[in-house]
Amino acid sequence: DQQVKQNSPSLSVQEGRISILNCDYTNSMFDYFLWYKKYPAEGPTFLISISSIKDKNEDGRFTVFLNKSAKHLSLHIVPSQPGDSAVYFCAATNSNSGYALNFGKGTSLLVTP
Amino acid sequence: DVKVTQSSRYLVKRTGEKVFLECVQDMDHENMFWYRQDPGLGLRLIYFSYDVKMKEKGDIPEGYSVSREKKERFSLILESASTNQTSMYLCASSLGQDEKLFFGSGTQLSVL
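In order, the protein sequences belong to chains A and B.
In the numbering used here, each number is its position in the first sequence, counted from 1, plus 204.
In the numbering used here, each number is its position in the second sequence, counted from 1, plus 5.
Pasting the structure below:
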């Protein structure tokens with residue numbers, strides 16, 4: 205059963221605008237969340253993460269928001285650039301119970317000029 | 006920079022063949038993982054290892070086995086390849102209790 209869900213398979217945004225990618229999780233034991241970015245024919249690369257003790261983490265153009273009560277997190281990219289076009293995976297884990305990440309199915313972001 | 010190297014970018018095998026996918030990391034990471042990525046299914050964990058000679062089943066271990074004889078090397082074995090094992094295989098590693106995974110570039114395996 206999918207514990208991490210990304211319900212939007214794709215998203216198209218104009219360059220310069222905000223991209224918002226959403227992720228929901230079902231396991232209340234998850235306490236650490238990550239976003240990965242993947243270009244075709246390459247492995248995923250780490251983008252940004254957030255611990256459950258925070259509700260926001262920012263790194264340059266990328267901000268992740270966490271709403272624990274709703275079991276929801278989102279990745280905001282502002283401003284979006286064509287080079288941001290990629291598949292974005294949300295991942296979650298419990299930092300005390302194992303080493304593997306649970307991934308969502310991914311959202312393909314297309315940023316158009 | 007962490008480097009996770011997968012021995013092949015593309016591999017074509019026949020049904021029933023034994024297939025070895027090799028992965029090497031150069032950062033002395035304790036944990037290593039094998040995932041497969043399929044369209045519409047995301048990344049699914051096959052096996053992982055948190056120490057030499059240790060292995061744990063992931064979500065979809067059926068049809069696969071692994072070997073970790075040395076800390077830096079983690080091998081995925083398909084004992085008898087089948088067409089439903091055609092996929093992109095991704096190896097990853099992480100340090101101790103660090104949640105962040107570092108991925109290799111992937112091996113696109115086609116089983117005909």
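For glycine and all other residues, C-beta sits at the position ideal for the given N, C-alpha and C.
Asked: Are Ser-255(A) and Tyr-243(A) closer than 8 Å when you measure CB to CB?; Found: no
Asked: What does DSSP give as the partner residues of Gly-24(B) in its beta bridges?; Found: According to the sequence displayed, residue 24(B) carries Val and not Gly. Note: Val-24(B) sits in a beta bridge opposite Leu-83(B).
Asked: Identify every residue that forms a DSSP beta bridge with Thr-230(A).; Found: According to DSSP, which records beta bridges pairwise, Thr-230(A) is partnered with nothing at all.
Asked: Looking at chain A, is there any beta carbon in it that lies within less than 8 Å of the beta carbon of Leu-81(B)?; Found: no
Asked: Considering only C-alpha positions, which residue in the set Gly-308(A), Asn-231(A) and Gly-264(A) is nearest to Lys-275(A)?; Found: Asn-231(A)
Asked: Determine the contact status of Leu-114(B) and Val-57(B), defining contact as a CB-CB distance below 8 Å.; Found: no
Asked: Do we get a CB-CB distance below 8 Å when we pair Glu-104(B) with the residues of chain A?; Found: yes
Asked: For a test of the three-state rule: what should DSSP assign to Asp-288(A), helix, strand or coil?; Found: helix
Asked: Could you say which of Ala-97(B), Ser-110(B) and Ile-82(B) lies nearest to Leu-26(B) if we only look at CA atoms?; Found: Ile-82(B)
Asked: Whose Cβ in chain A lies nearer than 7 Å to the Cβ of Phe-38(B)?; Found: Ala-304
Asked: So is Asp-309(A) in contact with chain B if we call contact Cβ pairs under 8 Å?; Found: With the sequence shown as reference, residue 309(A) is identified as Lys, and Asp is not the correct amino acid for it. By this cut-off, Lys-309(A) is an interface position.
Asked: How big is the Cα-Cα spacing for Asp-103(B) and Lys-18(B)?; Found: 35 Å
Asked: In chain B, which residues lie less than 9 Å from Thr-316(A) when you measure between Cβ atoms?; Found: By Cβ distance, chain B contributes nothing, its closest Cβ being about 22 Å from Thr-316(A), past 9 Å.
Asked: Closer than 8 Å by beta-carbon distance: list the chain B residues that pair up with Tyr-236(A), in chain order.; Found: Glu-104
Asked: Please classify Arg-221(A): is it buried, with 16 or more other beta-carbons within 10 angstroms of its beta-carbon, or exposed?; Found: exposed
Asked: Determine the extent of the beta strand (DSSP E) in which Arg-49(B) is found, giving its start and end residues.; Found: 47–54
Asked: Can you tell me which of the three DSSP states Gln-90(B) falls into?; Found: helix
Asked: Assuming Leu-277(A) contacts Val-268(A) under a Cβ cut-off of 8 Å, what Cβ separation, rounded to an integer in Å, is found between them?; Found: 6 Å
Asked: Taking 8 Å as the CB-CB limit, is Leu-48(B) close to chain A?; Found: yes
Asked: Do the segment 78–93 of chain B and the segment 34–44 of chain B touch if we need at least three Cβ pairs shorter than 8 Å?; Found: yes
Asked: Exposed or buried, which one is Asn-271(A) when buried takes at least 16 other CB atoms within 10 Å?; Found: exposed
Asked: Should Val-282(A) go down as buried or exposed, given a rule of 16 or more other Cβ atoms within 10 Å for buried?; Found: exposed
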